[in-house]
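*Asks:* First residue of the sequence shown? That's 508 in my numbering, and the numbers climb one at a time after it. We treat Cβ as the ideally placed atom computed from N, Cα and C, and that holds for glycine. Model, not experiment: these values are computed from the prediction.
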Amino acid sequence: MITMLWQRLASTKLCFWTLNLLCLNLFIGGLYAMFDGRYRQLNMTLFPQWIHDNFDTQCWWLITLMLVLALLGANTFACSVQRLQQLWQRRRANSWRTNLVLLSPTLMHLCFLLILSGHALTEFSGLKENLPISTGQQLHLDNTAIEVLSQSNTLYGDGPLNGVLRQSQAQLRFTRNGQQHETTLRVLHPVYDNGASYHLLLAKKPRPGQPPTLKIAIKKDPGLPLILLGNALMSLLMAIYFVTIRHHRYGGQS
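This is the structure in structure tokens:
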């Protein structure tokens with residue numbers, strides 16, 4: 508019974524139908540996102556918190572999306588394990604170059620799982636906060652106190668953009684365990700401190716002649732190392748794979 512379930516989980520037929528379901532689910536979700544502005548908040552809110560605040564019957568596609576992704580991950584893992592077992596049994600029948608070519612696609616699938624795990628780790632255990640700020644305001648994150656010391660804006664002084672906002676910045680003071688340090692946070696120039704990134708954003712488009720309203724986006728991305736590692740390894744494996752295939756095809760001649 509267990510063997511039969513494992514074979515079905517590792518089948519390419521299941522992979523085919525799962526990928527089709529994923530495409531259909533994403534297409535339907537894209538239609539929902541076009542007409543419901545709530546889904547834009549997913550870029551700024553962790554998935555569990557968003558579901559807690561916005562769950563209703565129209566969110567069904569998000570739940571099925573997570574289930575389909577989990578099924579795709581399980582299918583990819585089962586296929587990879589089964590393929591590794593087959594390659595290990597036949598390892599002595601081929602040269603090391605041939606084994607490398609045969610092994611590379613399976614390792615790429617495992618890199619995909621690494622990347623998927625990184626995104627899941629961030630969405631379910633990371634941090635996304637968007638807070639409006641004002642001079643003198645104090646923010647608290649874990650054991651860190653952040654004080655907004657000042658805000659300033661730079662305008663274009665001449666030309667067709669005269670008077671248009673050029674850059675905004677905020678001077679911040681971080682206090683942790685009795686130690687302090689100050690830093691300048693600017694739009695598109697994030698600051699990294701104690702595993703968190705701080706991004707200065709415009710809360711809304713400023714009116715002519717008025718200073719912009721600013722906010723800070725605070726993010727913790729614990730899955731980022733897995734995502735970067737998975738992408739780096741996949742790129743390396745793809746390079747090795749295609750170079751080795753070219754070597755086999757042309758007999759090492761350029």
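Using C-beta distances below 6 angstroms, list every residue in its chain close to Leu623, excluding the 5 sequence neighbours before and after it, in chain order.
*Replies:* Gly580
*Asks:* Here's a check: name, in chain order, each residue in its chain whose Cβ is nearer than 7 angstroms to the Cβ of Ser761, leaving out the five neighbours to either side.
*Replies:* In this predicted model, Ser761 has a pLDDT of only 42, less than 50, meaning its place in the structure is not dependable; the value taken from the coordinates is given anyway. For Ser761, where only same-chain residues beyond five positions count, there are no Cβ hits under 7 angstroms.
*Asks:* Please list, in chain order, all residues of the same chain as Arg683 whose beta carbon is under 8 angstroms from its beta carbon, the five residues on each side excluded.
*Replies:* Asn650, Thr651, Ala652, Asn701
*Asks:* What does a CB cutoff of less than 6 angstroms around Ala724 pick up in its chain, not counting 5 residues either side in sequence?
*Replies:* Asn637, His706, Leu708
*Asks:* In whole angstroms, what is the alpha-carbon distance linking Thr690 and Leu679?
*Replies:* 5 angstroms
*Asks:* Can you have a look at Trp513 and say buried or exposed, based on whether 16 or more other CB atoms are within 10 angstroms of its CB?
*Replies:* exposed
*Asks:* Going along the chain, which residues of its own chain have a beta-carbon closer than 8 angstroms to the beta-carbon of Trp568, five neighbours each way excluded?
*Replies:* These residues qualify, in order along the chain: Asn532, Ile535, Gly536, Tyr539.
*Asks:* Determine the extent of the beta strand (DSSP E) in which Gln686 is found, giving its start and end residues.
*Replies:* 686-693
*Asks:* For Val671, count neighbouring C-beta atoms within 10 Å of its own C-beta (all shown protein chains included) and say buried if the count is 16 or more, exposed if not.
*Replies:* Using a 10 angstroms sphere on the CB of Val671, the tally of other CB atoms stays under 16, which defines it as exposed.
*Asks:* Using the three-state DSSP reduction, which class does Asp560 fall into: helix, strand or coil?
*Replies:* Note: Asp560 maps to helix in three-state DSSP.
*Asks:* Taking 9 angstroms as the threshold (C-beta atoms), are Cys618 and Leu740 in contact?
*Replies:* yes
*Asks:* Leaving out five residues before and five after Gln674 in sequence, what residues of the same chain have Cβ atoms less than 8 angstroms from its Cβ?
*Replies:* Asn660, Thr661, Arg693, Val694
*Asks:* Roughly how many angstroms separate the alpha carbons of Gly633 and Val588, rounded to a whole number?
*Replies:* 29 angstroms
*Asks:* Could you tell me whether the region 556-575 touches the region 589-608, where touching means 3 or more Cβ pairs closer than 8 angstroms?
*Replies:* no
*Asks:* Roughly how many angstroms lie between the CA atoms of Ala746 and Arg597, to the nearest whole one?
*Replies:* 24 angstroms
*Asks:* Can Lys635 and Thr552 be called in contact, C-beta distance under 9 angstroms?
*Replies:* yes
*Asks:* Is it the case that the Cβ atoms of Gly625 and Leu733 are separated by a distance below 9 angstroms?
*Replies:* yes
*Asks:* Excluding the 5 residues preceding and the 5 following Ser611 in the sequence, name in chain order all residues of the same chain whose CB lies nearer than 7 angstroms to its CB.
*Replies:* Leu744, Ile747, Tyr748
*Asks:* With DSSP as the reference, label Pro667 as helix, strand or coil.
*Replies:* helix
*Asks:* Buried or exposed: where does Leu735 fall if 16 or more other Cβ atoms within 10 Å of its Cβ makes it buried?
*Replies:* exposed
*Asks:* When you compare the CB positions of Val655 and Ala627, do they come within less than 9 angstroms of one another, or not?
*Replies:* no
*Asks:* For the alpha helix (DSSP H) that Pro713 lies in, which residues bound it at each end?
*Replies:* Here Pro713 belongs to no alpha helix (DSSP H), and DSSP marks it neither H nor E.
*Asks:* Excluding the 5 residues preceding and the 5 following Arg756 in the sequence, name in chain order all residues of the same chain whose CB lies nearer than 8 angstroms to its CB.
*Replies:* So no residue of the chain qualifies.
*Asks:* Between which two residues does the alpha helix (DSSP H) holding Asn532 run?
*Replies:* 519-542
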